[in-house]
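Residue numbers (numbering that gives the first Met the number 0), protein chains in the order written: chain A, 0 to 145; chain B, 0 to 847.
From the three backbone atoms N, C-alpha and C, an ideal C-beta is built for every residue, glycine too.
Written out below as C-alpha cells is the structure these notes cover.
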Amino acid sequence: MLTYLIDDDPVSLFLTEHMLRLEGFMAPILAFAGAEEALAHLLPRLATNPPGLIFLDLNMPVMDGWGFLDALAPHASALQDGCRIYLLTSSLALVDTEKARDHALVHGIIHKPLDEETIRAVVLKKTRTQLAAAPAVGARSSRGEA
Amino acid sequence: MSTSEELRILKTMVSFSPDLICALSPEGRFRHVSDACQRALGYNTTEMIGKHFSDIIHPDDSTTALEKFLDACGRAEPVGFESRCLCKDGQEVHIAWSALRAAADELLICVGRDVTQQRHATQQAREQEIQHRTIIEHGFDMVGLVNEQGVFTYAGGATQHTIGYRPEEMVGHSAFDFVHPDDLAMVESYFALLATQAVISIPDFRFRTASGEWRWLETTLNAYLQDATKIFVVNSRDITERRLSCLVHTEREQRLQVLFDSDSALAAFQTADGLVLDANPALLAFLKKEKQEILNRPLVDFLPAEIRPLISQMHLEMAHGAKVQFETKVQFEGEKEKIMKATKTPLMVDGELIGVYCTMQDVTEITTAQRLIKQQAAQLTMVMESINDAFFSIDHEWKLTYLNTEAERLLGISREGALGISFWSLFSEEVDGICHQHYQKAIATGETVQFEVYFEREKLWLEVKAYPFAEGLSVFFADITKRVKADKQLKLMALVARGTDNGVVITDAQGRTEWVNDAFTKQTGYGLDEVRGRVPGSVLQGPETDPVTLSYIQERMQQHRPFSATILNYKKSGKKLWFAMDITPIHNDAGQLTQFVTIQQDITFRKEVEASQAAMTQDLYRQNRDLQQFTYVISHNLRAPLANALGLATVLTKMDKNGEVFATALTHLRQSMVQADDVLKDLNLVLSIRDKKDMQAMEPLALKDVCQQAINNLEEALHECDGKVVLNVEDQLMTRGNRAYLYSIFYNLLSNSIKYRSEERTLQVDIVCCTGAHGGPTITFTDNGSGFDMFKAGSDVFQLYKRFHTNQRGRGIGLFLVKTHVEAMGGKIEVTSEVNFGTRFTIHLDKR
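Written out as C-alpha cells, the structure is:
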C-alpha cells in the first residue's frame, strides 16, 4: 500500500517514516516536504497509482494541509475508496479536530508523535468508525507517556 | 138843487169816501170822523169823537205829526204828512194825511188815506235793491257802465273791493287809461268790435289798480240803448290768480314735456287700448322710426315678437290701476341681447283707465353692474366667512351689523339672535371692560386699536383689532389662547433654562443665536454677546467635528421636528467638548417655524470614559487575540518540536545505538529541543514587548541614525550577496519612540530582504524616510526580492510563525515582530508585494 508522508518538518518526516518501518510497515513510502510537491506527484497518478494511505501535516508554509485537501476535493470520487487520508499534526487545537471530523476526505486526525498503537490501528485497516476513535486513544496515551 | 140837498149829497160822499175825513178842534181832538175811520182804524165814530189826535199816532211818529198839525193850523194851504197810526187791535197802518184849516171856523180838516200797502211795497223794493247792491259789491265781478268813448259813467260791484278805486275815482275817466300799455292795442281792437256786435269778451289784459299794481282782468261788454244813446255794461273779473296758476300749469306742462322729450328712457303715452299717443325722441331713435310712423298704432307692433305676450300681460295687470314693472331680456334685430326694464303707469281719471305712460330702459349695464355688485357682495360674504379671523361689525349704536361664522363660534352667539342687538346687551359683563374702552377709543380717535384680552365667558384669550369706519367699527379677532399658554410656557421654560446646568440656545428659524443661558457660557466660555446673531456651530465646531454628524443635523433641522445628536465641539479655550443636543423646533400659530431651542448636555466626561472603555475593549480584544495566537503557537510551534522529541525518544530506544540512523535521530532530537527553546525565547520576547509597551521610555529618535546602524550590522550578509541599500532620509527627520524597536524594525525588514532575495538579480533595497501626509515620518522600504502572493497571504502576512517561503529557513516571527514594534510606538504598517518582483513596506510613525 503506497503511502505518502506530507510534512514541511524534516525531523517529523524522519520520525514518521522510521516509526512505520520499526512497526514492520513494508509498503513503499514517499515523503514530501510540501503540499504542493505532493499534489504535483499525486494528480498525474490518481488513476494509475494512487496512494492507499496519506499522512498529512496541517501547519505548512505556502500551502497547508487544508489547502491540500481543498485542491484534492475535485478528485474526491477517484480517491474515495482506495485512499485513506489521516491528518498528522502537532496541533492540539480543538478547531482542527472538529474540522477534521466533518471533512469528507479525512479518515481521522492523529496527534504527533505517531505511536505503535495508532500505526497498528491504521495499518490493520480497521473500520472507519473504529479508526476515528483510535487516534483519540492514541493521543491520550501519548500524553500520558509524556 | 137846494142847499140841503147838496148837504145830504155831501154827507153821503163823506160817508162813503174810502179816505178818512176828520175834523179836529184846535186842541187836537176829533170832532167829526167819517165812516172810513172805523174801516181803517177799528174805532167807531163814537169812540173816535173826543180822542186826541196823538192817541192814534204811533209814539215814534207823534212828534212829527204834532209839528205838522201845528204847522197846518198856522197856514191857509194844506200840509201833507205821513204817519203810522195804531189800530184798535194794535196793528200799525200807514196813513198819509192832508191837513187844512178851514178858514171860517177853528176846525182843522184832516183827510187820511191808508197807504200801508204802498209803504210795504216801497220797503220791499228798497230792501231788494240793498240786497242786489250787496250781492254785486260783494261778488267777484266788477260792474260798470261806459259810454261809446269808453268813459266810465258808473262803477260798482266789486270794483272797490277788487281794484281799490272808489266809484267817483273812475266815473268820468276813460277806461283805456287804466289798461297796461302792452295790452292797450288788443283791448282797443276788441272795443272796436262793439260797433257791430252786441256782446264782446276781452280776454286777459292787465289793469292798473289804485295801488299801482297790475291785475289781470277778463271783461265782457254788453251794448244797450238808453235814451237813444249807446251805453255798455262792463262786467269785469280779476283773473290774476287763475292766470298765474295757469302760467304755472303751462310751465309744468312744458316741464313735463321737456322731461318726456329728453328722457333717456324710452317713453310713450298710450291709449287704454295700447295705441301710441306720443313717443319721446329716445324711443323713436331706438325704434329708428319717425313719430308719424308709430302714432296711433299699437306699441307692441314695434317690439320683438317674444316679449309681446308679456306686454299684453302687463297691460291686463295695469288695467286695475296698478303700476307694473318688469325686466326682460330682449333681442332686437342686429343688436346684442339687452336687458330691458319696462314700466307701465296707468293714468286713471275717476277710476277709469284713460291712458298709459310706458317707459322702457336699457338696464343691461345696470343689471350687469348689479349682478356684479351682488356677486361681489356674495364674494365679500364668502371672504368674511373664509377668513380665519373672526369678524363682526357694529354700528354707532353698538348694534351688531355683521357676524361671521368664526365670530359666532368664538363668542358663542348666533347670527339670528345677535344681529341688530346691541353688543353690550349681549355681553353686559363686558361693559366698561377692556374691550369697551378700546372700542370707544377707536371710535373717538378714528384710529385702529389692537389689543389682547381675556374673554371670560368662553375662557379664551383673544387678539383683537378694531378698525373704525364711517358706519361704525369693524372688529377682527382670533383665538390666541394656545399662544398665550405657549408664551407662559415659554416664560416658564426660560425660567427653567436659566436654572439648569444644561446649556440652552435659542436660535431663530435661520439658526442664528437669539439667546443662550448662563450654563451655556459656563460650558463653552462664550457669552451671549459673542454668539448672538451667529450660528452656534460656526462658533463651536472644530477640526475633529464629524462632518457626517453636521450633515445629519442640517438634514434634521430641515424637517422641523425634534431630534437629538451628539457632537464634538470646542470651547473658547480650544478644549474639546462633547455635547448631547436635543434640538426642538418652535412653531407659531400659523405653523411657521420661528425658533429652535437646543438643550446641550456636556458629555465630555462620558465620552472620555467611552473612549477609554473602547481602548480597554480594544486592548482586551488584542490580549484575547494574542492569547489565541499563543494557543496556536503552543499547539503548533512549541508542541511540534516537543512531539518530535517525544517520538524520537521512543524511536531511539528501538534502534541500533551504533547505526547511522541512530546518530541522525539523536541529532534530530537535539535540533527539536533547540527549536522548542527558540520558540520559548520568541514568546518571551513578544510578551516582553507587549508588557513594556506602556512603560517604555519614549525618546526622540533620528531616523537616519537608527537605520544606518541596522544596515551596518547586516553589512556582512549584504556583502555576501552583493546586496545594495540606498538610504534616503529627510534631514533632521525625527520620531518619538524606543530605539531598540526602531532598530528591530529596520533590522528585520532588511534581513528579510536578504533572506528572500531573488536568485535572478542582485538585491537592491531602497529606504526612503520623509514627512508623510499625517504629519509624522513615513518610511517606505522597497526591495527587488522574490515577493509573495498577496492573495494567498491575505491577512496572515504579519502573523506569528506564518511563512510564505519553503526554500528558506524562516521561523515566521520577523514580520510579526516588525508589526508589534511599529504598533508599540503608535504607528501603522502596510505591505504590498508581487511574486518575483519585490516587496514594499510602508510605515507611518508618530511625529517627533
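Please classify residue i: is it buried, with 16 or more other beta-carbons within 10 angstroms of its beta-carbon, or exposed?
| i | result |
| --- | --- |
| ALA642 (chain B) | buried |
| ASP431 (chain B) | exposed |
| LEU12 (chain A) | buried |
| GLY590 (chain B) | exposed |
| ASN783 (chain B) | buried |
| ASP7 (chain A) | buried |
| SER82 (chain B) | buried |
| PRO43 (chain A) | exposed |
| ALA132 (chain A) | Low confidence applies here, because ALA132 (chain A) scores a pLDDT of 47, under 50, leaving its location unreliable and the question unanswered by this model. |
| TYR223 (chain B) | exposed |
| ASN58 (chain A) | buried |
| ALA125 (chain B) | Per the sequence shown, residue 125 (chain B) should be read as Arg rather than Ala. Exposed. |
| MET359 (chain B) | buried |
| GLY411 (chain B) | exposed |
| ALA120 (chain A) | buried |
| ARG83 (chain A) | buried |
| VAL136 (chain A) | Residue placement at VAL136 (chain A) cannot be trusted, given a pLDDT of 40 that sits under 50; what the coordinates show is reported in the next sentence. VAL136 (chain A) should be labelled exposed. |
| MET25 (chain A) | exposed |
Would you kindly check if the distance between the Cβ of residue j and the Cβ of residue i is under 7 Å?
| i | j | result |
| --- | --- | --- |
| ASP300 (chain B) | ASN279 (chain B) | no |
| VAL78 (chain B) | CYS84 (chain B) | no |
| MET62 (chain A) | ALA34 (chain A) | yes |
| VAL142 (chain B) | SER173 (chain B) | no |
| SER785 (chain B) | SER757 (chain B) | yes |
| SER750 (chain B) | PHE787 (chain B) | no |
| VAL329 (chain B) | PRO345 (chain B) | no |
| TYR800 (chain B) | GLY811 (chain B) | yes |
| SER392 (chain B) | GLY471 (chain B) | yes |
| ARG497 (chain B) | ASN516 (chain B) | yes |
According to DSSP, what are the bridge partners of residue i?
| i | result |
| --- | --- |
| ILE109 (chain A) | A:LEU87 |
| PHE325 (chain B) | B:ALA341 |
| ALA30 (chain A) | A:LEU4 |
| LYS827 (chain B) | B:HIS843 |
| GLU217 (chain B) | B:ARG236 |
| VAL78 (chain B) | B:ALA98 |
| GLU833 (chain B) | B:GLY837 |
| HIS51 (chain B) | B:ARG28 |
| PHE204 (chain B) | B:LEU216 |
| ILE899 (chain B) | Summary: the structure shown does not reach residue 899 (chain B), with chain B confined to residues 0 through 847, and so no result is reported for it. |
| MET359 (chain B) | B:LEU265 and B:ALA341 |
Starting from residue i, trace the alpha helix (DSSP H) both ways and give me its first and last residue.
| i | result |
| --- | --- |
| GLY416 (chain B) | 414-417 |
| SER537 (chain B) | 535-539 |
| LEU106 (chain B) | First-last for LEU106 (chain B): undefined, no H or E at that position. |
| ALA174 (chain B) | Looking at the DSSP string, ALA174 (chain B) is not in any alpha helix (DSSP H), and its letter there is neither H nor E. |
| ARG624 (chain B) | 603-631 |
| ILE732 (chain B) | The identity of residue 732 (chain B) in the sequence shown is Leu, whereas the question assumes Ile. Taken as a continuous stretch (DSSP letters only), LEU732 (chain B) belongs to no alpha helix (DSSP H), as it is neither H nor E. |
| GLN522 (chain B) | 517-523 |
| VAL757 (chain B) | Just to set this straight, residue 757 (chain B) is Ser in the shown sequence, not Val. Segment: none, SER757 (chain B) is in no alpha helix (DSSP H) and carries neither H nor E. |
| SER550 (chain B) | 546-557 |
Which residues bound the beta strand (DSSP E) around residue i?
| i | result |
| --- | --- |
| ARG241 (chain B) | From DSSP, ARG241 (chain B) is part of no beta strand (DSSP E) but of the alpha helix (DSSP H) over 239-261. |
| ILE8 (chain B) | No beta strand (DSSP E) holds ILE8 (chain B); the alpha helix (DSSP H) holding it covers 2-15. |
| CYS21 (chain B) | 19-23 |
For a test of your reading of the model: does the CB of residue i fall under 6 Å from any non-hydrogen atom of the ligand NAP? Yes or no.
| i | result |
| --- | --- |
| VAL78 (chain B) | Of the ligands one can find in the structure shown there are none, so the ligand NAP has no counterpart to examine. |
Determine the chain D residues that contact residue i at a beta-carbon separation under 7 Å, and present them in chain order.
| i | result |
| --- | --- |
| LEU647 (chain B) | No chain D appears in the structure shown, which is made up of the protein chains A and B. |
### Query
Does the pairing of the segment 421-429 of chain B with the segment 489-507 of chain B give three or more beta-carbon distances under 8 Å?
No, the segment 421-429 of chain B is not in contact with the segment 489-507 of chain B.
### Query
Is there contact here, the segment 637-655 of chain B with the segment 14-28 of chain A, by at least three beta-carbon pairs under 8 Å?
Segments in contact, yes.
### Message
Three Cβ pairs or more, each shorter than 8 Å: is that satisfied between the segment 461-479 of chain B and the segment 489-497 of chain B?
### Response
Under the Cβ criterion (8 Å, minimum of three pairs), the segment 461-479 of chain B does not count as touching the segment 489-497 of chain B.
### Query
Counting Cβ pairs closer than 8 Å, one from the segment 245-252 of chain B and one from the segment 228-235 of chain B, do we hit at least three?
Contact between the segment 245-252 of chain B and the segment 228-235 of chain B is absent, because fewer than three Cβ pairs lie under 8 Å.
### Query
Taking contact to mean at least 3 C-beta pairs separated by less than 8 Å, is the segment 566-574 of chain B in contact with the segment 514-529 of chain B?
Yes, they touch.
### Task
Examine the Cβ distances between the segment 362-375 of chain B and the segment 286-302 of chain B and report whether three or more of them are shorter than 8 Å.
Taking 8 Å as the limit for Cβ pairs, the verdict is that the segment 286-302 of chain B does not touch the segment 362-375 of chain B.
### Query
Any contact of the segment 679-687 of chain B with the segment 45-55 of chain A, i.e. 3+ C-beta pairs under 8 Å?
Pairwise C-beta distances place the segment 679-687 of chain B out of contact with the segment 45-55 of chain A, as fewer than three of them are shorter than 8 Å.
### Query
Pairing CB atoms from the segment 832-845 of chain B with CB atoms from the segment 766-782 of chain B, are three or more of them under 8 Å?
They touch, by the three-pair rule.
### Query
Does the segment 558-565 of chain B touch the segment 573-592 of chain B, meaning 3 or more C-beta pairs lie closer than 8 Å?
Under the 8 Å Cβ criterion, the segment 573-592 of chain B counts as touching the segment 558-565 of chain B, having at least three qualifying pairs.
### Message
Using 8 Å as the cut-off, can you tell me whether the segment 404-418 of chain B makes contact with the segment 433-440 of chain B, which would need three or more C-beta pairs spanning the two stretches below that distance?
### Response
Counting Cβ pairs under 8 Å, fewer than three are found: no touch.
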